[in-house]
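For reference, the structure is listed below as structure tokens.
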Amino acid sequence: MYELAILARGGVLLTVWAVAAGWSPGRLSGRLRRDGWQRICRGAWAAPGKETDWRVRATALQLLRPELVCSHGTAARLHRIERLGVEGADLLDFTVPAPARSVRGERIRVRATTFLTAGDRSMRRGLRTTTPARTVGDLIREAGSREEAVVVADSALARRAVEGVRRGALVGYEDLAAELAAPRRGAARARSWLRLAEGASGSPAETVARLRMGDAGLHPEAQPTLRTAEGRGLRPDFLFRAQGLAVEIEGYTFHGTRRAHERDVARFNALQSCPEIHRVLRFTAEEVFRHPDRMTHTIRATLALRGC
897 MYELAILARG
907 GVLLTVWAVA
917 AGWSPGRLSG
927 RLRRDGWQRI
937 CRGAWAAPGK
947 ETDWRVRATA
957 LQLLRPELVC
967 SHGTAARLHR
977 IERLGVEGAD
987 LLDFTVPAPA
997 RSVRGERIRV
1007 RATTFLTAGD
1017 RSMRRGLRTT
1027 TPARTVGDLI
1037 REAGSREEAV
1047 VVADSALARR
1057 AVEGVRRGAL
1067 VGYEDLAAEL
1077 AAPRRGAARA
1087 RSWLRLAEGA
1097 SGSPAETVAR
1107 LRMGDAGLHP
1117 EAQPTLRTAE
1127 GRGLRPDFLF
1137 RAQGLAVEIE
1147 GYTFHGTRRA
1157 HERDVARFNA
1167 LQSCPEIHRV
1177 LRFTAEEVFR
1187 HPDRMTHTIR
1197 ATLALRGC
């Protein structure tokens, strides 16, 4: 018999591997529990001390069922695509080729489809997953609101830091347009929402702010490049160039540390030194999400002031 740790892959052990190596099912269960192995799901165990997070659970399930492909919300997490209205962190999304059946449980959702080609699949962080374009297409087609759809598209189109990791753009606009061209359920609505996407958006809060401003008839430039008095390049979130008004949207992590606070103060001062800027308005993500009418009213009133 082989030692259990040797049989594991990435800290995950399947019962069938241990049995094939000579362990009897009865003896195996007792040994695993005595040694501190953690049951992930039926037939899969995590090594002692290993955190059984969503990636470990997804790894175990794919080892048990090779046909499973991470998709939708789980694929978005793998690719670091931001979303609104995120469901519980425990829920894992998979897609499988038909004729397998769709399944929905408390911690897993499996969608069966005939629309899953080899070109729709990729590997990301050690897991089989749908490509960024397919992932965004799936999420937009099933989105419950315009905001959810455009946040996903903006995130995939943009270069930005997500969960502390800076990444490049994941897809091009043409890739998403091609993905949504097929006559599938929700595709027509998804195509109309894709036209609202903006690759220059810096965060979900910026995306929602832009949509709300558009609803109010306000159409600023997004992330234009300006020069400070010293010649340093700077990009405000939004700019009403004719009135010299910049609008900045502060994320949830705003002022998380003293260093972050210092950087923000320096940026605010530098922004006001740009020749194009006469005034800067700042709104928190909380205001954008919960009180968008208040934000747009303040912007409209400021634009109406002489000398702004």
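Sequential numbering of the sequence shown, starting at 897, is according to this note's numbering. Think of the CB as a built atom: it goes at the ideal place given N, C-alpha and C, for glycine as much as any other residue. On a predicted model such as this, the values are computed, not experimentally measured, just so you know.
- As a beta-bridge residue in DSSP terms, LEU1135 pairs with GLU1117, ALA1142.
- Ranked by how close their Cα comes to the Cα of LYS946, the residues PRO995, MET1019, ARG905, VAL982 have ARG905 in first place.
- Taking a 10 Å sphere around the C-beta of HIS1193, we find fewer than 16 other C-beta atoms and assign the residue as exposed.
- Membership of PHE990 in the beta strand (DSSP E) is indicated by the continuous run 988 to 993.
- Fewer than three pairs of CB atoms, one per stretch, sit closer than 8 angstroms, so the stretch 1008 to 1023 makes no contact with the stretch 1056 to 1069.
- For GLY1129, the secondary structure class from DSSP, reduced to helix, strand or coil, is strand.
- Around the CB of HIS968, 16 or more other CB atoms lie within 10 Å, so the residue is classed as buried.
- In this structure the stretch 1088 to 1097 lies against the stretch 1041 to 1054, because at least three pairs of beta carbons, one per stretch, are closer than 8 angstroms.
- The residue from GLU1144, ARG1186, PHE1136 with its alpha-carbon nearest to that of GLY1113 is PHE1136.
- Secondary structure note for PHE1185: its alpha helix (DSSP H) is the uninterrupted segment 1181 to 1186.
- Annotated three-state conformation of SER1099 is coil, per DSSP.
- The beta carbon of PRO995 is closer than 8 angstroms to those of ALA1008 in its chain, skipping five residues each way along the sequence.
- Around the beta-carbon of SER1097, 16 or more other beta-carbon atoms lie within 10 Å, marking it buried.
- ALA1029 and GLY922 have their C-alpha atoms spaced approximately 46 angstroms apart.
- Secondary structure of LEU1177 (DSSP, three-state): strand.
- With a cutoff of 8 angstroms on beta-carbon distance, ALA1078 and VAL1184 are scored as not near each other.
- If you check the CB distance, PHE990 and LEU1023 do not come in under 8 angstroms.
- Under the DSSP assignment, SER925 falls in the alpha helix (DSSP H) whose first and last residues are 921 to 930.
- Secondary structure at ILE977: coil, using DSSP grouped into helix, strand and coil.
- Contact between the stretch 1157 to 1170 and the stretch 1116 to 1132 is established, with three or more Cβ pairs separated by less than 8 angstroms.
- In the structure shown, SER1018 adopts extended strand secondary structure according to DSSP, grouped into three states.
- 8 angstroms or more divides the Cβ of VAL1046 from the Cβ of ARG976.
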